[in-house]
Amino acid sequence: MDNHQLNIKFIGLEAQQKRIYPQIEKRIKAVLAHGKYIMGPEVIELERLLADYVGVRNVITCSSGTDALLMALMAYDVGPGDAVFTTPFSFVATAEVISLLGATPVFVDIDPKTFNLDPEKLELAVKAIIENNSAIYPIPDISRDSKYRINNRELIPRGIIAVDLFGLPADYGRINAIAGKNNLFVIEDGAQSFGAEYKGKKTGSLADIGTTSFFPAKPFGCYGDGGALFTDNDNLAAKIKSIRVHGAGNTKYNNIQIGINGRLDTLQAAILIEKLKIFPKEMEARSQVAEKYSEGLVDFVDTPFIPDGYKSSWAQYSIKSENRKTIMKAFKDREIPVAVYYPKPLHHQTAFSFLNYKSDDFPVSVDTSKEIFSLPMHPYLSHTEINIIIDVIKNRPL
Ligand SMILES: *Cc1c(COP(=O)(O)O)cnc(C)c1O
Numbered sequence: 035m036d037n038h039q040l041n042i043k044f045i046g047l048e049a050q051q052k053r054i055y056p057q058i059e060k061r062i063k064a065v066l067a068h069g070k071y072i073m074g075p076e077v078i079e080l081e082r083l084l085a086d087y088v089g090v091r092n093v094i095t096c097s098s099g100t101d102a103l104l105m106a107l108m109a110y111d112v113g114p115g116d117a118v119f120t121t122p123f124s125f126v127a128t129a130e131v132i133s134l135l136g137a138t139p140v141f142v143d144i145d146p147k148t149f150n151l152d153p154e155k156l157e158l159a160v161k162a163i164i165e166n167n168s169a170i171y172p173i174p175d176i177s178r179d180s181k182y183r184i185n186n187r188e189l190i191p192r193g194i195i196a197v198d199l200f201g202l203p204a205d206y207g208r209i210n211a212i213a214g215k216n217n218l219f220v221i222e223d224g225a226q227s228f229g230a231e232y233k234g235k236k237t238g239s240l241a242d243i244g245t246t247s248f249f250p251a252k253p254f255g256c257y258g259d260g261g262a263l264f265t266d267n268d269n270l271a272a273k274i275k276s277i278r279v280h281g282a283g284n285t286k287y288n289n290i291q292i293g294i295n296g297r298l299d300t301l302q303a304a305i306l307i308e309k310l311k312i313f314p315k316e317m318e319a320r321s322q323v324a325e326k327y328s329e330g331l332v333d334f335v336d337t338p339f340i341p342d343g344y345k346s347s348w349a350q351y352s353i354k355s356e357n358r359k360t361i362m363k364a365f366k367d368r369e370i371p372v373a374v375y376y377p378k379p380l381h382h383q384t385a386f387s388f389l390n391y392k393s394d395d396f397p398v399s400v401d402t403s404k405e406i407f408s409l410p411m412h413p414y415l416s417h418t419e420i421n422i423i424i425d426v427i428k429n430r431p432l
């Protein structure tokens, strides 16, 4: 059987829409009836529901996961001369927002089993920046680039953006401890990990500020662009709320700081309210799919490693194999969708060439990018579909 008969989807948005179509339609019609398209009552309602779900004091919904990261950095007044530590093995947005503010991304390699920021290397990277010594750990050389016109010696460690890659939380116990010792802020890029857990706490609540994305393909997606910030710090929350509407003070036309237009549409909030109702069940279904995959594949490829006390949201089910090319071809021949996240670590991207990293810096990220790929993952995969996918890997031609 080929997939045009089976129709296995990489992300199961059609099946999800079918399940809740009448409720979504009702919510959209309610917005059309009241007409409050910007910051309508659904936005306020969603923020309250998300605060309960994540277990934080403040939720600020916004225009995208990228803008959530940008506003988090703006809340800390990040700018030129600031070093912000992050992973080179992520979607470009994580590091892009640092550069957009004129600050400097400082990459830290990943753990080979979790694919998340390696705390031991983070400690070395902070030391290397403080001492301006690339013998301790690879650091950018921005003095060679006219874009910055600042010297490496002027770089000050300010903060960390940790990413919960593929839905698995980073090691916040150790990351927050390193941050505390060095007076750094920690932002959790939870774009892929909404619904995941670390030691009994939900993602979004694991750092000073948590962010997420409601891009349709993420575990908790809307029908367009959207995102949110989470924090227990009321002062930061007030500042982010102001930044979200052009730095407004007590009225819209009293501007107290530089901000952006970063609001979530009322229509998207309305859709997310309905999706949140089925989300816990969807999370369980994702876990079951992952369990089945791992049972079937453990002897054939490197299956995902979930440390004790962690729960993934399974944004992606990503496996590693030296035979990635032949396996992916076997899937392609059967028209079953698979994908590579990420084929190129960020220090290899032209956009970041001004940091002057060497190609073989961050070898774990480089090696991972050569062997990793992701299988179809969503709550609506049937046992039959899962077994067919497992069999493609088991029976691939060598
Ligand atoms: C998707 C993603 C983002 C950006 O989210 P958008 O809503 O698309 O702007 C940021 N970081 C990571 C890790 C992501 O996967």
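All the letters of the sequence shown, read from the start, carry residue numbers 35 to 432 under my numbering.
Using N, Cα and C, we set each Cβ at its ideal position, and we do this for glycine too.
Everything numeric in this text was worked out from a predicted model, so none of it was measured.
A straight line joining the alpha-carbon of K70 with that of I62 spans about 12 Å. Relative to the non-hydrogen atoms of ligand 1, the Cβ of F123 never comes closer than 7 Å to any of them.
DSSP, read as helix, strand or coil, puts F386 in helix. In the three-state reduction of the DSSP assignment, R91 falls in the coil class. Look at G260 here: in three-state DSSP terms it is coil, with no helix or strand label. Sorting Y414, I305 and G258 by C-alpha distance to the C-alpha of A64 places I305 at the top.
In the DSSP assignment, L151 is bridged to I144. For A127, the closest alpha carbon among the candidates E48, Y327 and A225 is that of A225.
Here DSSP, grouped into helix, strand and coil, assigns N421 to helix.
The beta carbon of G99 is closer than 7 Å to those of A127, A225, T245, T246, S247, F249 and G261 in its chain, skipping five residues each way along the sequence. Here DSSP, grouped into helix, strand and coil, assigns R192 to strand.
Per DSSP, the unbroken alpha helix (DSSP H) holding T402 starts and ends at P397 to E405. Residue pairing from DSSP places V118 in a beta bridge opposite P139 and G193. DSSP places F334 in no beta strand (DSSP E); its state is neither H nor E. Secondary structure note for Y55: its alpha helix (DSSP H) is the uninterrupted segment L47 to H68. The secondary-structure analysis by DSSP pairs L409 across a beta bridge with Y351. Short note on S352: C-beta not closer than 7 Å to any heavy atom of ligand 1. For the set T95, E222, A319 and E369, the Cα lying nearest the Cα of L80 is the one of T95. With a cutoff of 8 Å on beta-carbon distance, V323 and I420 are scored as near each other. In this structure, S352 lies away from P371, with their beta-carbon atoms at least 8 Å apart.
Here the region 293-301 does not lie against the region 372-388, with fewer than 3 beta-carbon pairs under 8 Å apart. Judged by beta-carbon spacing, I184 lies beyond the 8 Å limit of I190, meaning their Cβ atoms are not closer than that value.
Ligand 1 has no heavy atom closer than 7 Å to the beta-carbon of G281. I340 is not a Cβ neighbour of S347, given a cutoff of 8 Å. By the criterion of a C-beta distance shorter than 6 Å, V197 is surrounded in its chain by T121, S124, T128 and D223, once the five residues flanking it on both sides are discounted. Looking at A251, D116 and F365, the one whose alpha-carbon comes closest to that of N41 is F365.
In the three-state reduction of the DSSP assignment, T285 falls in the coil class.
Going by beta carbons, P172 and Y391 fall inside the 8 Å limit. Considering only R192, E356 and V142, the residue with the shortest C-alpha distance to I170 is V142.
Taking a C-beta distance under 8 Å as the contact criterion, G229 and V90 do not qualify as a contact pair. Taken through DSSP and simplified to helix, strand or coil, F248 comes out as coil.
Rounded to the nearest angstrom, the gap between the Cα atoms of I195 and A117 is 11 Å. If you look at F219, you'll find it isn't in any alpha helix (DSSP H); it sits in the beta strand (DSSP E) that goes F219 to D223. The closest heavy atom of ligand 1 lies 7 Å or more from the beta carbon of Q383. According to the DSSP assignment, M73 belongs to no alpha helix (DSSP H), since it is labelled neither H nor E. For K378, there is no enclosing alpha helix (DSSP H), as DSSP marks it with neither H nor E.
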